[in-house]
Every structure is written in structure tokens, then in C-alpha cells.
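Contents: one structure, followed by commentary.
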Amino acid sequence: MTTYDIFAKGIAPMEPTLHRLPPLEEGWVHQVKWDGVRIITYTSQGQVVLRNRKGNLRSDHYPELQQLQSLSSISPCILDGEMIAFGESGMVSFPKVLRRDLLTNATRLAQAIRQIPIHYMLFDIPFYKGRSIHQLPLEERRALLQDAVSRLDGPFYIAEDYMDGQALYRSTSEMGMEGIVSKRLGSPYLYGTRTDFWRKAKHVKRLLTVVGGLSVRGKQVNSLLLGLYEGDKLRFIGKAGSGLREDHLRQLTAMLSHVAAKAPCPFQVGPRPPTAGVYFLPPALVAEVEYLEWTSDLSLRSPVVCGFRDEDPQNCQWV
Amino acid sequence: MHSMWKGSISFGLVNVPIKMFAATENKDIKLRYLHKECHTPVRYEKRCPKCDREVPMSEIVRGYEYQPNRFVVIEDSELEQLSPEKTRTIDILDFVDLARIDPIYFDKTYYLAPEESGFKAYALLRQAMNETGRIAIAKVIIRSSTSLASLRVNGNTILMETIFYPDEIRGVESLSVPAADYAVSDQEISLARQLIDSLVTDFDPGKYVDDYRASLQRLIEAKAQNETFVNAPATPAGDNVVDLMKALQASLDATKKESSTTAVKTTKGGRKKKATG
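Chains L and X, in that order, give the protein sequences. Per the working numbering: the first sequence = residues 1 to 319. Per the working numbering: the second sequence = residues 320 to 596.
Here it is as C-alpha cells:
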């Protein structure tokens, strides 16, 4: 690709492979895996262009990043990082950043910029002063990135390097963070490649959810329709069937005879829940689920039901 | 931009596969109707006053009122039979001088971009139109209705303007305007010409903005901002990232103390290096 193509179409970023645990041996640095949206920044001739992992333009979504215009002394350059936002609890919230990522309406965006401040966690610089430096070892790219960004004003951060992957894995788990990414020292930046030079190890996440319906196959319940409260409205966040034990299924199936076949759907926001073969319930039952991550339409990816909890459904709040 | 239509320009024996994009967008700010008491958006329902109930789409047909209160019902299938074949072509009929078309005929503007396979034919048509200074008049079918359109070149792009049929342009007979030889004095006309000369400038579209829309936008933003002060929970003070990194560091330190057989050295910025294995 020519420099023109790179800036006109965008690069495909380097991706990590998924592992159950971080590598044990020496020769790796470890970073927090930030649960956000991958954003690649292209600066050239005083312009800052943002694209997501697929190459779609995001410049209008994050006007805060226009401050990167001040990188003119190292432009044209490409920065790779993760855009994140925080929930009320002070923890990183993927749904929050996604809300920013989906907004284009100027009025709503102006409001969202105040309500949902974003933070840009930078971790690589594959293109520097008009040429690709992907062949430089990780540590050298990292030093150039540090040098370029550390003096900037704005919501920019450089992903911290940790040497002890095991400790970082434990601590991020305790803190309820998404996981860690381990990077091979001396490794190049490989555009558009999922490579073993970068390895991610994710924590399973847990969540208390409201059961808003039961989906039925034959005459047996086979999965739960789950929701979270967004204020006083219940948002549909997906179906979960795996993890339900035989005795759960028997009890839930027995409940069906007490449930009106045409109860109103309790979900008021979010994606549309299925209606065929579904009994809706008034929101009373709380289930704990494990899940891998949020999908881009804000449903749970691979949820597993861990059990039912004696909790107030109103405590199952979104973000 | 999303293409809204795919088809081809047909020009003699040449066919140029193209994608069509709307060249303009309406930026009027949409305000919704709310119930004053509870701020719920009001719903429009289709009601039959005779049967006194809401009527679903499945029970609705179209009709033309040919006499007051007398309708002929037109079925969708009948409309479909009338609509022209969906050939998806922009059929060039003639080439004319741009100056010969009064701007009153122009309706909506679209950009035409070639598909990859049509680059050469597109460039050919573009250059031929540029060199002859002509624009094309074409017949085009968009959304099951036939319209007339003109094709012209702007920069490297071919633009298409749909144009009104002559019978869609209203006549001026009913307007009362002064005749061409209406008497004005030389002094008055020289004053008016001076006034025009003093205002002459180059056309710079960038300097005209929609003031009304800008003020409405400011009003909405100001109100929305107050709204967030009422509704939004107090934003946590300080920098979330720094707080989180401190908490993470504290957790790491605690883990290290538990397994204190491993000596660790902390460098500036919380980065850690293992001194021994």
C-alpha cells in the first residue's frame, strides 16, 4: 500500500490471539486489556482522521481527539489505541463507550460529550514521520509513542507496561477488569494480522440480571430472556440457556401454568426480544450469569446461567 | 455516504455502471410533538370515524376522490402494472447547452460515481462533455417513477439533476408585474445600478449559514444542558483512569506482599521489573 492508500482507506490493526492464561516465561510485557472500542488515529497535514478496526470513519464521533493535531512534528503518523468510557461505579464500561460510538446526531453528540467523557488508551505507533515503522521492535515503538504523547494535553494515556503477567492477571480479575494483553518483546507490528506476538487472556465476567421471560421448546423451558434496568425501564440483553440445571428447568416449566400466555413484554428498551415460543414474566426473578463480553448491539456474548439469587430486581442496573 | 441506487448510464453503445448518491441533505432540526403534561411523544393513529376504531395497515386501501365523497379504489397491484419497467438506466436522449436550461427546471441533485468496471467509460463521457461544453438530457427511473434529468460535470464528478416536466412549472400569467417598458427616470436607474455595483462580490457559499437553525441548535443545547444538571448523577470527581490505575497498583502491591519471597523493584510510574525469577 502507498502512504496515500493507507491514509485514504485506513489500515487493519494488529490483533491478539486468545489464550486461557498469560504467558509465564520471560520476554513479555503485559498490559491491561481495556474494554472499549479500537480506534486508529491518522494525523497528516494538520488533519486528524479516526477510523475503527474495520476502517470506518469515526472522526466526527470523538471531537476530543482533534487535539492530536499538535502531533505535527511527527506526522504523518498512525496511533493505535482503545477508546474507553467509565460507568458510575468508576469502572470501565463498554456499553457507555458504545453509546458514544453510535452517535452522529450533532445535538445529542454535544450532550454526550459532557455526559460520557472518553479516554484514549494508546499502545502503539506503527507509522511515524511519514514512514511505516512496523519492523521496529515493540520497545522502540513504545519509546517513540511515549515521547510523542506524554507532553500532550487531553484525554490521552499510554497503556502501562507490567513485567509480572501473573500478578496483573490476578489483580485485574479482582478488580473486575476485562483481562490482560501480553506482548512479545522485540516483536514487530503486523498490520491486519491476528498473531501470537500479542496474546489476550480474558476474565469471565459476572452480572446479576432480571428474568423477563422464558423461551420454550416443545413444552419445556429451555432458556431465559434477560434484562437490566436502565433507570426504570428494562432493557433486553439477550437469551441464556446454558448453565440451567435439570431441576431449574423443571421448576421453570412448572411455573408456566401460572403465567398468562399473553403477558405484556416487560422489556421497553434495547434490541427486540423474540416473541415466538416465549412467555413474558413480570420482572421479579434475578439470575446471575457469566458472560464473555458485550456484542455490538449490547447483548451478552456466550452467557452462562450460574444460578438464581434473592435480590431486588431493581438492583440489576445497567452500567 | 450510502449509495441510494445502482444502475447504469446508457449513452449510445456505451454503458457506464454507476452508483447514485444524494448530493444534498436537509438539515432542518426535527421537533417532535409531545403531550404537554407528561412529555410523551404523541402517537398518530389511523382511525375510521364511521366504524369508530383504529384501522391497521392491513385494512387500508388507496382511493381517488373523483367527486366529493365518491372514490375509485386503486389496488396496489394495479399501480404496479402501471409503473414503468424497473430498467435502472439513465438513458441519455440529447446533449444541450447548460445556459439553455432555466434553473427553475432543476429539482434535486445527485452524484454519480462509477463502479470499478466503469472507470474508463465514465472518464470518457466526462471528458467528452467537458470538451464540448454540453450537458446531457436523460430519462431516468427512480423509485418506479420516470423523470427527466440533466447530467453535467463538476470537478471530477458527474452530477445528475432531476428536472421538472414543463407542465409542472407554473405559468406567470396570473401575476401582476410591471411591463418591460415601465417608465423609470435615468437618475433613478443610475442610483440603483450604483447600489448593485457596491454589493457585487464573488459567490462564496461558505459565508451563508442558516441562522435560524443555528439559534435553534443553541437553544436546544442550552436547555439540554440544564436538563442534564437535573437528571445526571454527580460525575465522579478526578480522573477515572488515574484512580483506576492507582487501585490496580494497590491491588498488585497487596498481591506482592502476600508472596513476598519474590523480590520486586518498582520503577517510576508504577512499572515493575522482576529482579529475580
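Cβ coordinates follow ideal geometry from the N, Cα and C atoms, glycine included. Small disclaimer: the values here were computed from a predicted structure and weren't measured.
Have a look at residue i and residue j and give me their C-alpha separation to the nearest angstrom.
i, j, result
"residue 525(X)", "residue 532(X)", "16 Å"
"residue 552(X)", "residue 247(L)", "Note that residue 552(X) has pLDDT 41, beneath the 50 cutoff, so the model's placement of it is unreliable and no number is given."
"residue 82(L)", "residue 209(L)", "27 Å"
"residue 363(X)", "residue 371(X)", "15 Å"
"residue 360(X)", "residue 144(L)", "53 Å"
"residue 271(L)", "residue 450(X)", "54 Å"
"residue 202(L)", "residue 126(L)", "25 Å"
"residue 231(L)", "residue 315(L)", "10 Å"
"residue 130(L)", "residue 329(X)", "43 Å"
"residue 284(L)", "residue 193(L)", "46 Å"
"residue 452(X)", "residue 534(X)", "42 Å"
"residue 19(L)", "residue 354(X)", "54 Å"
"residue 317(L)", "residue 466(X)", "54 Å"
"residue 322(L)", "residue 9(L)", "No statement about residue 322(L) is possible, as the shown extent of chain L runs from 1 to 319 and does not include it."
"residue 233(L)", "residue 268(L)", "6 Å"
"residue 167(L)", "residue 103(L)", "38 Å"
"residue 172(L)", "residue 122(L)", "19 Å"
"residue 335(X)", "residue 478(X)", "14 Å"
I'd like to know whether the C-beta of residue i is nearer than 8 Å to at least one C-beta of chain A.
i, result
"residue 171(L)", "Absent from the structure is chain A; the protein chains it does hold are L and X."
Taking only beta-carbon atoms, is residue i less than 8 Å away from chain L?
i, result
"residue 492(X)", "no"
"residue 345(X)", "no"
"residue 320(X)", "no"
"residue 574(X)", "yes"
"residue 560(X)", "yes"
"residue 394(X)", "no"
"residue 571(X)", "yes"
"residue 540(X)", "yes"
"residue 386(X)", "no"
"residue 566(X)", "yes"
"residue 432(X)", "no"
"residue 446(X)", "no"
"residue 543(X)", "yes"
"residue 563(X)", "yes"
"residue 536(X)", "yes"
Establish whether the CB of residue i and some CB of chain X are separated by less than 8 Å.
i, result
"residue 315(L)", "no"
"residue 111(L)", "yes"
"residue 107(L)", "yes"
"residue 119(L)", "yes"
"residue 157(L)", "yes"
"residue 264(L)", "no"
Do you know whose CA, among the options, lies nearest residue i's CA?
i, options, result
"residue 472(X)", "480(X), 465(X) and 466(X)", "480(X)"
"residue 309(L)", "44(L), 211(L), 181(L) and 20(L)", "211(L)"
"residue 328(L)", "273(L), 267(L), 129(L) and 240(L)", "Residue 328(L) is absent from the structure shown; chain L starts at 1 and stops at 319."
"residue 346(L)", "88(L), 257(L), 74(L) and 118(L)", "Since the first residue of chain L shown is 1 and the last is 319, residue 346(L) is not available in this structure."
"residue 24(L)", "221(L), 276(L), 216(L) and 199(L)", "199(L)"
"residue 280(L)", "233(L), 92(L) and 256(L)", "256(L)"
"residue 136(L)", "99(L), 188(L) and 6(L)", "188(L)"
"residue 148(L)", "79(L), 184(L), 87(L) and 120(L)", "79(L)"
"residue 48(L)", "59(L), 11(L), 38(L) and 55(L)", "59(L)"
"residue 21(L)", "195(L), 302(L), 295(L) and 165(L)", "165(L)"
"residue 154(L)", "218(L), 296(L) and 120(L)", "120(L)"
"residue 71(L)", "128(L), 4(L) and 229(L)", "128(L)"
"residue 537(X)", "249(L), 111(L) and 190(L)", "111(L)"
"residue 418(X)", "469(X), 388(X), 573(X) and 395(X)", "469(X)"
Leaving out five residues before and five after residue i in sequence, what residues of the same chain have Cβ atoms less than 8 Å from its Cβ?
i, result
"residue 488(X)", "423 and 424"
"residue 549(X)", "Caution applies to residue 549(X), whose pLDDT of 41 falls short of 50 and renders its modelled position unreliable; the model cannot decide the point."
"residue 163(L)", "29 and 30"
"residue 304(L)", "240, 242, 243, 289, 290 and 291"
"residue 554(X)", "Because residue 554(X) sits at a pLDDT of 45, beneath the cut-off of 50, its placement in the model cannot be relied upon, and the following sentence gives the value as read from the coordinates. Hits under 8 Å: none found."
"residue 277(L)", "215, 216 and 217"
"residue 205(L)", "176, 178, 290, 291, 292 and 293"
Can you list, in chain order, the residues of its chain whose CB lies under 7 Å from that of residue i, leaving out five sequence neighbours each side?
i, result
"residue 486(X)", "none"
"residue 609(X)", "Nothing about residue 609(X) can be reported from this structure: the residues present for chain X run from 320 to 596 only."
"residue 65(L)", "41, 48, 50 and 120"
Identify, in the order they occur along the chain, each residue of the same chain with its Cβ nearer than 6 Å to the Cβ of residue i, setting aside the five sequence neighbours on each side.
i, result
"residue 6(L)", "none"
"residue 324(X)", "339"
"residue 427(X)", "481"
"residue 150(L)", "none"
"residue 207(L)", "289"
"residue 369(X)", "none"
Measuring from the CB of residue i, is there a heavy atom of the ligand HEM at a distance below 7 Å?
i, result
"residue 364(X)", "What this structure holds is no ligand at all, so the ligand HEM is not there to describe."
Select from the segment 518–530 of chain X all residues with a C-beta closer than 7 Å to any C-beta belonging to chain L, and list them in chain order. none
Open item on the list: What are the residues in the segment 161–189 of chain L lying within 8 Å of chain X by C-beta distance?
Closed with: 161, 162, 163, 164, 167, 168, 170, 171, 172, 174, 175 and 177
(request) May I ask you to list, following chain order, the residues of the segment 70–102 of chain L that have a beta carbon less than 7 Å from some beta carbon of chain X? (result) 86, 88 and 90
**Prompt:** Between the segment 52–63 of chain L and chain X, which residues of the former have CB atoms less than 8 Å from a CB of the latter, in chain order?
**Reply:** none
Point to revise | Interface residues of the segment 226–256 of chain L facing chain X [CB-CB below 7 Å] | key: none
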